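Enquirer: Residues in the sequence shown are numbered consecutively from 1, following UniProt numbering.
Note that beta-carbon positions come from the ideal geometry of N, C-alpha and C, so glycine has one too.
Being a predicted model, the structure only gives us computed values, none of them experimental.
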Amino acid sequence: MSLPSHVRLVEVGPRDGLQNEAQPISVADKVQLVDALTAAGLGYIEVGSFVSPKWVPQMAGSAEVFAQIQRKPGVTYGALAPNLRGFEDAIAAGVKEVAVFAAASEAFSQRNINCSISESLERFAPIMEAARQHGVTVRGYVSCVLGCPYEGHVKPEQVALVARELYAMGCYEVSLGDTIGTGTAGATRKMFEVVSADVPREKLAGHFHDTYGQAMANIYASLLEGISVFDSSIAGLGGCPYAKGASGNVATEDVVYLLNGLGIETGIDLDALILAGQQICTVLGRPTGSRVAKARSAQ
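(1) With a cut-off of 8 Å on the beta carbons, I'd call F101 and P82 a contact; round off their distance for me.
(2) In the DSSP output, which residue or residues are listed as bridge partners for L9?
(3) Residue ranges of each beta strand (DSSP E) run of no fewer than 3 residues wholly in the region 155–221, ordered along the chain?
(4) Going by DSSP, name the residue or residues bridged to I45.
(5) Helix or strand or just coil, what does DSSP make of N249?
(6) When DSSP labels each residue in this structure, what does C281 get in the three-state scheme?
(7) Helix, strand or coil for D16, going by three-state DSSP, please let me know.
(8) Measure the C-alpha to C-alpha separation of V283 and D231 and round it to an integer number of angstroms.
(9) Identify the continuous alpha helix (DSSP H) that holds G61 and give its terminal residues.
(10) Once the 5 residues before and after G41 are set aside, which same chain residues still bring their CB inside 6 Å of it?
(11) Taking 6 Å as the limit between beta carbons, can you name the residues of its chain near Q68, skipping five residues before and five after?
(12) Would P149 be called buried (16 or more neighbouring beta carbons within 10 Å of its own) or exposed?
(13) Pull up the distance between the alpha-carbon of A163 and that of V142, whole angstroms please.
(14) Run the CB neighbour count on R15, radius 10 Å, all protein chains shown included, and call it buried at 16 or more, exposed below.
(15) Within this structure, are the beta carbons of G17 and N249 separated by less than 9 Å?
(16) Which residue wins for smallest C-alpha separation from R71, given the options G43, I91, M59?
(17) Following the continuous alpha helix (DSSP H) through E97, name the residue where it begins and the one where it ends.
(18) If you run the structure through DSSP and keep just helix, strand and coil, what is G152?
(19) I'd like to check one pair, S196 with D254: are the Cβ atoms closer than 9 Å?
(20) Going by beta carbon distance, what residues of the same chain come within less than 7 Å of I264, once the five residues before and after it are set aside?
(21) Below 9 Å between beta carbons: does that hold for C144 and G186?
(22) For a test of the three-state rule: what should DSSP assign to V255, helix, strand or coil?
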């Protein structure tokens, strides 16, 4: 299969990237990050999450962030809304696209949201109905598609089952996440081969963590399978608060560099992206997780 000519990146840094940080991050710093990502040419930015601050303290203030960002026409500013209350809060904040999460692992589902996979999907039904009524689009996530911290190996057929349910419920796109970053290129290709029998490839996305240093290889493997949408996080920020040892998402800067080298269009300014990553890392007081940004700064 030939490589796609264009790839759409879903920037999850402001949400998935920051949610695992220990230090408080101001609304102003979050707004600055989102605006910098917009200026760099990102077409989709996941701005925040409408969940209880009790569970994810860093996502408190998401409504304020949405109120203050400079929205650019044609750019999607999404948010995670795991339940109906969160959805209602997102709508009140002017959100036009929300995301819901399910897991391909029963054990992870129980540890993450205290219910089974089937129960989690049932909880999404009222969100999907409300989204239809409000004209809001819904994106689905499936976690632990290439391994689970509690169950180990996850069968591609199980991933396909969950992805199929989310797609049938009305998710226009389903992102498949290697939450603990143990996946390999061969396993990635096999997974997409199996899942695409139930959900069209053009409706699937890849979400890779770099725990084992395999994220870039897995993205290339996904490209070979005809996948043209990938989640990534500025400066490689993030992880999963419910998956011990899961390091950050793949860095957006590194993915753009790879795609540029393959002649694949993204519409993203790599230099502006690197600058945005440097700015948020200065706020966090930590080095960037982007290999490309580190290499550029060393030159």
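Expert: Straight from the coordinates:
(1) 6 Å
(2) As computed with DSSP, L9 is found in a beta bridge with F230.
(3) Taking only runs of at least 3 residues, the beta strand (DSSP E) segments lying wholly in the region 155–221 are 173–178, 204–208.
(4) E11, Y77
(5) strand
(6) The answer is helix: DSSP assigns C281 an H, G or I state.
(7) helix
(8) Going by the C-alpha atoms only, they are around 23 Å apart.
(9) It is not in any alpha helix (DSSP H) - G61 carries neither H nor E in the DSSP assignment.
(10) G267, I268, D269
(11) V31
(12) buried
(13) Whole-angstrom Cα-Cα distance: 7 Å.
(14) By the neighbour-count rule (16 or more Cβ atoms within 10 Å), R15 is buried.
(15) yes
(16) G43
(17) No alpha helix (DSSP H) contains E97, which is instead part of the beta strand (DSSP E) from 97–103.
(18) strand
(19) no
(20) Cβ neighbours of I264 beyond the five flanking positions: L3, P4, S5, H6, V7.
(21) no
(22) helix
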